[in-house]
Amino acid sequence: MRRFTRWTLAAAMCALSGAASANLTLAGSWNGNVGLSVDGIGSNASPTGDVQAVIPVGATILQAYLYSAGTPFPWYADSPNTLAAYNGAGITLAGNAITNFDTLMGATSTRADIGQWYTARADVTSVVQALAAGAVTDNFSWSVSEGSLSNRIDGEVLAIVYSHASLPMGSVALLNGGQNTGGETSIVNLGTPLTDPTAVGFAAQLGLGISFSCCGQQSTVEINGSGLTTTAGNFNDGLVASDGSLFTVGGIGDDPGNNVGYASDDELYDLRPFLAAGDTSFSIFTQNPTNDDNIFFASLYLTGDIRDVTPAIPEPETYALMLAGLGVMAMVARRRKTR
Ligand SMILES: [Ca+2]
Ligand SMILES: [Ca+2]
Ligand SMILES: [Ca+2]
Ligand SMILES: [Ca+2]
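My numbering numbers the first residue of the sequence shown as 77 and each following residue consecutively.
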């Protein structure tokens, strides 16, 4: 029994250190005359509500993703935690049944009672291409429904990447979150050094998608080690303050500046003050001290050359935790051998 306890402790320590590795992974990046449309909606109504899109007339739609963010499991035992659950729920976008969710992601809380969020992502490129075909307007509004899972899905993000010859050269990156609430760092690597961020026309925007957040629950974000915000979260794109509607994403209709305060922080951020000419990379650190929010999505737009986004080298304390775990396992193994 004692041996079992030690093995369990050692395994748990290794698992903890593993879970703390960076988890903001690249869903895709696009370079050229590219632009980005991001919006979200959350509610417990049926339909859920309308999601907005802004796509220049004549643009080529390169990629569109629909993210649907469920409440955590096992906090709610009937939260969706499989792709089959999402694909069978009756989720729709502008009346189109979305049954091709093929990627699960989502944060893991350091609180066992909350557990894990299972956010699903579907490729809706062909759906959005058809909806926008032949349009004579830049602005779209499409109804979203969460079907039978409305009470256990906080909301949807619609992210669209397009290109248009009138746009400046730049990069878009979409990131699947699932940040460990305890804190994680990702590195954005650039193919060419940054031009002067203070020059006219330079743009560097970060948008975050966060679910299951309200009522003072908030996250900290640092860029290159400097504080961007301590108040990311809340349900700015959710219609009511109840589970199944706690949803926010930085994007259309939000202030491109960095808003101060929990109520006004809209999860759309200007990174220019944190960047310098000649930079070849920058870091994004997120942490949710309240351990109950799901940072499941991030978008980047940069008049620069994003090549990839990679996990940062684990923090020193992560190494220490991992080594401690390995040490306990080695100790247990030695004791077992001598018996
Ligand atoms: Ca809902
Ligand atoms: Ca928003
Ligand atoms: Ca907010
Ligand atoms: Ca803002």
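Just so you know, even glycine gets a beta-carbon here, dropped at the ideal spot from N, CA and C. Given the structure is predicted, the values throughout are model-derived calculations rather than measurements.
Whether residue i touches residue j by CB criterion (9 Å)
i, j, result
"M181", "F361", "no"
"N370", "Y338", "no"
"E222", "S287", "no"
"D313", "G231", "yes"
"G246", "V114", "no"
"A183", "G254", "yes"
"D355", "L270", "yes"
"W106", "A249", "yes"
"I137", "V212", "no"
"A103", "R228", "no"
"T305", "D341", "yes"
"L159", "V200", "no"
"I174", "V203", "yes"
"N252", "T101", "yes"
"A388", "I263", "yes"
"N120", "S321", "yes"
"W193", "P150", "no"
"S219", "D126", "yes"
"F350", "S289", "no"
"T268", "G380", "yes"
Proximity test, residue i beta-carbon vs ligand 2 heavy atom, cut-off 8 Å
i, result
"G309", "no"
"D115", "yes"
"L142", "no"
"D330", "yes"
Identity of the residues DSSP links to residue i by a beta bridge
i, result
"M245", "Its beta-bridge partners do not exist; DSSP assigns none."
"F216", "A129"
"I229", "G146"
"D359", "Here residue 359 is Ser; the residue named in the question, Asp, does not match the sequence. S359 pairs with I263."
"S318", "DSSP lists no partner for S318."
"Q139", "V237"
"T168", "A173 and S221"
"I286", "T324 and I371"
"I190", "Answer by DSSP bridge pairing: none, since I190 is not bridged."
"W151", "DSSP, once it has assigned bridges, lists no residue as partnering W151."
"R197", "Y143 and T179"
"L159", "Answer is none; L159 lacks a bridge partner."
"T296", "Q363"
"A308", "S295"
"L100", "The partner list for L100 (beta bridge, DSSP) is empty, contrary to what the question assumes."
"L376", "A249 and L282"
"G112", "The question names Gly, but residue 112 in the sequence shown is Leu. Answer is V237."
"D384", "N265"
Any non-hydrogen atom of ligand 1 within 8 Å of residue i CB
i, result
"N227", "yes"
"S155", "no"
"T124", "yes"
"N120", "yes"
"L222", "Note that residue 222 is Glu in the sequence shown here, rather than Leu. Correct: E222 has its Cβ closer than 8 Å to ligand 1."
"D369", "no"
"G182", "no"
"G231", "yes"
Assumed close pair residue i, residue j - CB separation to whole angstroms, cut-off 8 Å
i, j, result
"L315", "L234", "Going by Cβ atoms, the distance from L315 to L234 rounds to 16 Å, so no, they are not a contact pair."
"H240", "P132", "5 Å"
"G116", "V325", "4 Å"
"S417", "T124", "Residue 417 lies beyond the range of the chain shown here (77 to 415); nothing can be said about it."
"S375", "I299", "In fact, because the Cβ distance is near 15 Å, the residues do not count as touching under 8 Å."
"L266", "I382", "6 Å"
"V130", "N215", "6 Å"
"N367", "T186", "5 Å"
"E260", "N99", "6 Å"
"G329", "Q128", "7 Å"
Residue i CB to nearest heavy atom of ligand 4 below 8 Å
i, result
"G327", "no"
"D342", "yes"
"G337", "no"
"G285", "no"
"G258", "no"
"G333", "yes"
Cβ-heavy atom distance, residue i to ligand 3, below 8 Å
i, result
"N312", "yes"
"Y345", "no"
"T324", "yes"
Near ligand 5: residue i beta-carbon under 8 Å from a heavy atom
i, result
"G354", "Ligand 5 is not among the ligands present in this structure, which contains only ligand 1, ligand 2, ligand 3 and ligand 4."
Residue-level contact to chain C via CB, residue i, 9 Å cutoff
i, result
"T201", "You won't find chain C in this structure, because it holds only one protein chain."
Is there contact between the segment 149-169 and the segment 342-351, where contact requires at least three CB pairs shorter than 8 Å?
The segment 149-169 makes no contact with the segment 342-351: fewer than 3 CB pairs, one atom from each, lie closer than 8 Å.
Measuring CB atoms only, is the segment 130-145 touching the segment 270-284, in the sense that at least three cross pairs come out at less than 8 Å?
Segments in contact, no.
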